[in-house]
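Quick notes on the structure that follows.
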Amino acid sequence: MSGKVLRLIPLFISTILLAVGHQHLRAQDVTPEEPPTASVPNQNVLPGTAATAQIPQAPSPQTPDTQTPDLSTIPHASPLPPDQPPELATIDSDNPQTRNGEIGFASGNVVVTYGDHVLRADSITYDHATDIVTAEGNVELTGGKNDEHIIASRGIYNLRTQTGRFFQVHGSVGLFRGTPEPTFKPTNAGIATPNSTSRTPAYQTSNPFVFQGRLVVKTGPTDYTIYDGSVTSCLLPHPDWQLYAGRIALNSGKAKASKSTFKLLGLPLFFFPYVTHPVDNQQRQSGLLIPEFGYSSASKDTGSKGVTIGEQLYLVLGRSADLTVGSIYYSLRGFAENGTFRYKGFADNFLNVHFSALQDRGFYSPGVNAAGQPVTVFNNQGGVDITSSFRRQLTPNVRVVADAEYLSSFIYREVFTSNFNQAVSTDVTSILYLMQQKQGFSFDARVDRYEGLKVVQTDFSPSAEVKIYHVPSIDFTGMDHPIPGTPLLWSVTASTAGLKRVEPDFATAGLTWRLDLRPEISLPLHFDGWHILASAAVRETAYSRSRDAPYGNNATPIQSDQGLNRADLDFIVDVRPPVLERTFTVPERWRRIFGDEIRHTIEPAITYRDTRGINNFLSVLRFDDVDLASDTDELQYGITQHLYFKPHPKAPEKPKPGCPAKPAIPTISGTETDTDTETAAVDTLDPDERATTDANGIPNASATAPDQPLRTHPRKPDPCAPAPSIPRQQEWFSWILTQKTFFNPTFGGAVINMRRNIFETTLDFSGIAFLTQPRNISPLKSRMRFRTSSHADIEWDFDYDTGAKKFLSSNTYLDLHEGRIFGGFSYALLNAPGKTYSEVINTTTNQITGITSSAIADFSQMRILFGYGKPSEPGVSAAVSAGIDLNYGSAQYITVQTNYNWNCCGLSVEYRKYDLGTIRDEGAYSFNFTLANIGTAGNLRRAASLF
Numbered sequence: 000m001s002g003k004v005l006r007l008i009p010l011f012i013s014t015i016l017l018a019v020g021h022q023h024l025r026a027q028d029v030t031p032e033e034p035p036t037a038s039v040p041n042q043n044v045l046p047g048t049a050a051t052a053q054i055p056q057a058p059s060p061q062t063p064d065t066q067t068p069d070l071s072t073i074p075h076a077s078p079l080p081p082d083q084p085p086e087l088a089t090i091d092s093d094n095p096q097t098r099n100g101e102i103g104f105a106s107g108n109v110v111v112t113y114g115d116h117v118l119r120a121d122s123i124t125y126d127h128a129t130d131i132v133t134a135e136g137n138v139e140l141t142g143g144k145n146d147e148h149i150i151a152s153r154g155i156y157n158l159r160t161q162t163g164r165f166f167q168v169h170g171s172v173g174l175f176r177g178t179p180e181p182t183f184k185p186t187n188a189g190i191a192t193p194n195s196t197s198r199t200p201a202y203q204t205s206n207p208f209v210f211q212g213r214l215v216v217k218t219g220p221t222d223y224t225i226y227d228g229s230v231t232s233c234l235l236p237h238p239d240w241q242l243y244a245g246r247i248a249l250n251s252g253k254a255k256a257s258k259s260t261f262k263l264l265g266l267p268l269f270f271f272p273y274v275t276h277p278v279d280n281q282q283r284q285s286g287l288l289i290p291e292f293g294y295s296s297a298s299k300d301t302g303s304k305g306v307t308i309g310e311q312l313y314l315v316l317g318r319s320a321d322l323t324v325g326s327i328y329y330s331l332r333g334f335a336e337n338g339t340f341r342y343k344g345f346a347d348n349f350l351n352v353h354f355s356a357l358q359d360r361g362f363y364s365p366g367v368n369a370a371g372q373p374v375t376v377f378n379n380q381g382g383v384d385i386t387s388s389f390r391r392q393l394t395p396n397v398r399v400v401a402d403a404e405y406l407s408s409f410i411y412r413e414v415f416t417s418n419f420n421q422a423v424s425t426d427v428t429s430i431l432y433l434m435q436q437k438q439g440f441s442f443d444a445r446v447d448r449y450e451g452l453k454v455v456q457t458d459f460s461p462s463a464e465v466k467i468y469h470v471p472s473i474d475f476t477g478m479d480h481p482i483p484g485t486p487l488l489w490s491v492t493a494s495t496a497g498l499k500r501v502e503p504d505f506a507t508a509g510l511t512w513r514l515d516l517r518p519e520i521s522l523p524l525h526f527d528g529w530h531i532l533a534s535a536a537v538r539e540t541a542y543s544r545s546r547d548a549p550y551g552n553n554a555t556p557i558q559s560d561q562g563l564n565r566a567d568l569d570f571i572v573d574v575r576p577p578v579l580e581r582t583f584t585v586p587e588r589w590r591r592i593f594g595d596e597i598r599h600t601i602e603p604a605i606t607y608r609d610t611r612g613i614n615n616f617l618s619v620l621r622f623d624d625v626d627l628a629s630d631t632d633e634l635q636y637g638i639t640q641h642l643y644f645k646p647h648p649k650a651p652e653k654p655k656p657g658c659p660a661k662p663a664i665p666t667i668s669g670t671e672t673d674t675d676t677e678t679a680a681v682d683t684l685d686p687d688e689r690a691t692t693d694a695n696g697i698p699n700a701s702a703t704a705p706d707q708p709l710r711t712h713p714r715k716p717d718p719c720a721p722a723p724s725i726p727r728q729q730e731w732f733s734w735i736l737t738q739k740t741f742f743n744p745t746f747g748g749a750v751i752n753m754r755r756n757i758f759e760t761t762l763d764f765s766g767i768a769f770l771t772q773p774r775n776i777s778p779l780k781s782r783m784r785f786r787t788s789s790h791a792d793i794e795w796d797f798d799y800d801t802g803a804k805k806f807l808s809s810n811t812y813l814d815l816h817e818g819r820i821f822g823g824f825s826y827a828l829l830n831a832p833g834k835t836y837s838e839v840i841n842t843t844t845n846q847i848t849g850i851t852s853s854a855i856a857d858f859s860q861m862r863i864l865f866g867y868g869k870p871s872e873p874g875v876s877a878a879v880s881a882g883i884d885l886n887y888g889s890a891q892y893i894t895v896q897t898n899y900n901w902n903c904c905g906l907s908v909e910y911r912k913y914d915l916g917t918i919r920d921e922g923a924y925s926f927n928f929t930l931a932n933i934g935t936a937g938n939l940r941r942a943a944s945l946f
């Protein structure tokens, strides 16, 4: 008996496990939205028609659950509607209404209101038993959740089921008539009062559909069948494009047609055996994208690409992911593949991956060998570039993030990218880290890789690259925490890392391990407007390997297997005196420009730092900024100035005729204030204007995905809405001026003469190197910005060496925009210590004959931009941009772009000229033709547009 019981135990356990694993018992956390319902017969649908199932929006986030069940197999429970009386129809007419049994008749501007629908006609016959209305003359039906608007000569409509037939129709879905614009009639008192409404068409959604036809059968609340008609997303009566067919069905969120003709500007262009397009702007659909075409020419020595033809396939992978794959054919170079995968998870979780590659057929160009003899050189500029970014929130306090790139050839990216900043970028970075942040403590583990190109490969010399690895690095940070019973604060930073560095003629053997620990105690003090923070820290850093020292200028590193310990004491006193300020009253004649008052503030800052104990700086191998710590005894001082303008109070806004007066909102003190003048300026970022590149100028995966169609019509504004308020101007001018004095000019013997020296303290002060010998004073650092209005922004940043009496760096930026006119200007000057390499080019053959190096980084560049127009509005827009190397007197790139928008389609044409030495000397032509709410044909991406 006991044996039978034992044999039943496994059966019992397996049965329970199967039941527990059933999908009905799973926690319903797969999605925050309701799953799509199964098709259920609708008793309110006319015979022969089908009800429409609810379509979920996409893409939308998913929940963290990785085991997503098939929701379509789970029955969906739908609650029964509560018992309530049916809605009643109200009928208004100019003439008296009659009724014979269940049949009623009305004439003279008849208006039938039933729920959220309004039916207008010259006359109607109404069956009270079935709620069927027969309308004659000037029939107009409006309302519904999709904001339908149907105009017909005659119609038969069931108010209850929202189905019917309409004849000689033109109408729209998603094209609302705007907020009523009141017109006015005079009264006996001579006061204008609202009389009627004038409705101007405007887009309610970014994906409206306008249709017309001989017969329109409404088969459901949002389903239509059009016979002998057309559909478009343009405004009637003169649409830019139309799709004609004998039968067009708009149902289940899609428009479908067979044997259709596409007309553009009245001209038939294409015949489609079958065509479909989403009506719902939230719905995505798999299919082939519109092909792209282009042309590229180049000098005979740098390789032309020829005619460009490309095609892409777009695949919807569920509600939260999609995939785009395609190929581009360069007639003179070969095939290039590309692909983009995008995933949007729960909250901020995402995954983007982009891939591009080229199998280059190559080209031959004349050259010279090391002996100066002419030769023929074969050039292969193909390569592979893969970028990916990833974020996953594991818990509220833990997340994992990745941003990685693999690039097989810098030349491939320089030649085949359309982005100038990406073409001249010489850095490739990859990082993966896991971070936990909680209660002022931060713990992260990361793996990263840096690769930088220092010398470009030539016929005479190989490329020179620097690679640095952290595999891995574990870091811990504790922010300021109070010590109970005292005014003191404590903090700590600690890290351990496995490091490796590879560069020409040197590579560290294996991994160099580093352990770094820095506890700190600080004391904040405040009195009479003074703020003082004094701190003391101890730092200990241990290395498993070191570098042989001493060494001179440009010495090749020699690694030593001898370990190294570095210890120091760090004392810092930060003093912030009271802010000096004064308010000036603006003379009356200047108040329209500068406002009523100007406030000038001066914020002094003084910081003293003494770091000592690092007497082995030259023996430390360099991997990152942790290895740049050195002795220092310094005083930093500076001031920050601000000018604030108090704008002139504007007159109270008068209410528009027919609109309610805007109430004033009382403040805390009980006085009234205008809400617009008290509204702070808030900067918003259009999704299409978000950054398309990372810190290295490398485009993210989303930037290379297919562009979304552009809406070419602005939404109709509310006529009673107040005019947009100008953001309140706060800071008009700011100027930061600071400098350091060094009481230890050799930084504890770390300075090497006649070469660039970079220490932690100099790097924190300025990104521009200035130490080539012992010195007592740093350059003067200035950061100046003018923001005279919301239409103008000027900035000038410079580092001035008071000893050498020269600018180490000077950067000027200017941004102006007013109405349809915009422009920009930038100038960058660098004349600072830094080893640079330059190509020696034979001007006759345009070939590299050698490489020269310099201990000074010297370049002077200027960029300009000027344009007119707005690409999202009808009319002409044009812009030109250029980057000029002032040292060589040549333009590195020139871009000219123009576009013209009609009612709901637009054409853009662009020419780009690249002059990047012997690698790329090319002129490229790009264009795109956009149909609003349909798509774009061409190879001009919006991310590369000047607008």
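The sequence shown begins at 0 in numbering that gives the first Met the number 0 and counts up by one.
Don't be surprised by glycine CBs; every beta carbon is placed ideally from N, CA and C.
First through last residue of the alpha helix (DSSP H) which encompasses residue i
{"i": "Arg412", "result": "409 to 415"}
{"i": "Glu933", "result": "For the record, residue 933 in the displayed sequence is Ile; it is not Glu. It is not in any alpha helix (DSSP H) - Ile933 carries neither H nor E in the DSSP assignment."}
{"i": "Thr761", "result": "759 to 764"}
{"i": "Phe593", "result": "590 to 593"}
Exposure label - residue i; buried when at least 16 CB within 10 Å
{"i": "Lys217", "result": "buried"}
{"i": "Arg360", "result": "exposed"}
{"i": "Ile776", "result": "exposed"}
{"i": "Phe208", "result": "buried"}
{"i": "Asp800", "result": "buried"}
{"i": "His525", "result": "exposed"}
{"i": "Pro193", "result": "In this prediction, Pro193 scores a pLDDT of 34, lower than 50, which makes its location untrustworthy; the coordinate-derived value is nonetheless stated afterwards. Pro193 is exposed by the Cβ-count criterion."}
{"i": "Ser417", "result": "buried"}
{"i": "Leu242", "result": "buried"}
{"i": "Pro976", "result": "Residue 976 lies beyond the range of the chain shown here (0 to 946); nothing can be said about it."}
{"i": "Pro290", "result": "exposed"}
{"i": "Tyr363", "result": "exposed"}
{"i": "Arg911", "result": "buried"}
{"i": "Asn938", "result": "buried"}
Beta-bridge partners of residue i, as assigned by DSSP
{"i": "Trp734", "result": "Gln640, Met783"}
{"i": "Gly142", "result": "His116, Glu147"}
{"i": "Asn378", "result": "Phe362"}
{"i": "His530", "result": "His525, Arg575"}
{"i": "Arg390", "result": "Phe349, Val400"}
{"i": "Gly947", "result": "Past the boundaries of the shown model lies residue 947; the chain is included only from 0 to 946, so the question cannot be answered."}
{"i": "Pro267", "result": "Lys262"}
{"i": "His276", "result": "Ala254"}
{"i": "Cys904", "result": "Leu930"}
{"i": "Met861", "result": "Tyr826, Ile883"}
{"i": "Gln558", "result": "Arg546"}
Endpoints, the beta strand (DSSP E) within which residue i is located
{"i": "Arg119", "result": "116 to 126"}
{"i": "Ile793", "result": "791 to 800"}
{"i": "Asn810", "result": "805 to 817"}
{"i": "Gln211", "result": "208 to 219"}
CB contact below 9 Å: residue i versus chain B
{"i": "Asp121", "result": "No chain B is present in this structure, which holds just one protein chain."}
For residue j and residue i, believed in contact at Cβ under 8 Å, the rounded distance
{"i": "Leu915", "j": "Ala422", "result": "6 Å"}
{"i": "Arg755", "j": "Leu620", "result": "Not quite, the Cβ-Cβ distance comes to about 18 Å (not below 8 Å), so this is no contact."}
{"i": "Arg538", "j": "Asp504", "result": "Actually they do not touch by this definition, with Cβ atoms about 32 Å apart."}
beta-carbon residue i near the ligand GDP non-hydrogen atom, thresh 8 Å
{"i": "Ile557", "result": "Judged by which ligands are present, the structure shown has none, so any question about the ligand GDP falls away."}
Curious, which full-length beta strand (DSSP E) runs of at least 3 residues does the segment 282 to 358 contain?
Secondary structure in the segment 282 to 358: the beta strand (DSSP E) runs of 3 residues or longer, each lying completely within the stretch, are 291 to 297, 305 to 315, 320 to 329, 333 to 343, 349 to 357 in chain order.
Just to confirm the assignment: which complete beta strand (DSSP E) runs, minimum length 3, are found wholly within the segment 431 to 493?
List check, beta strand (DSSP E) in window: 440 to 454, 463 to 481.
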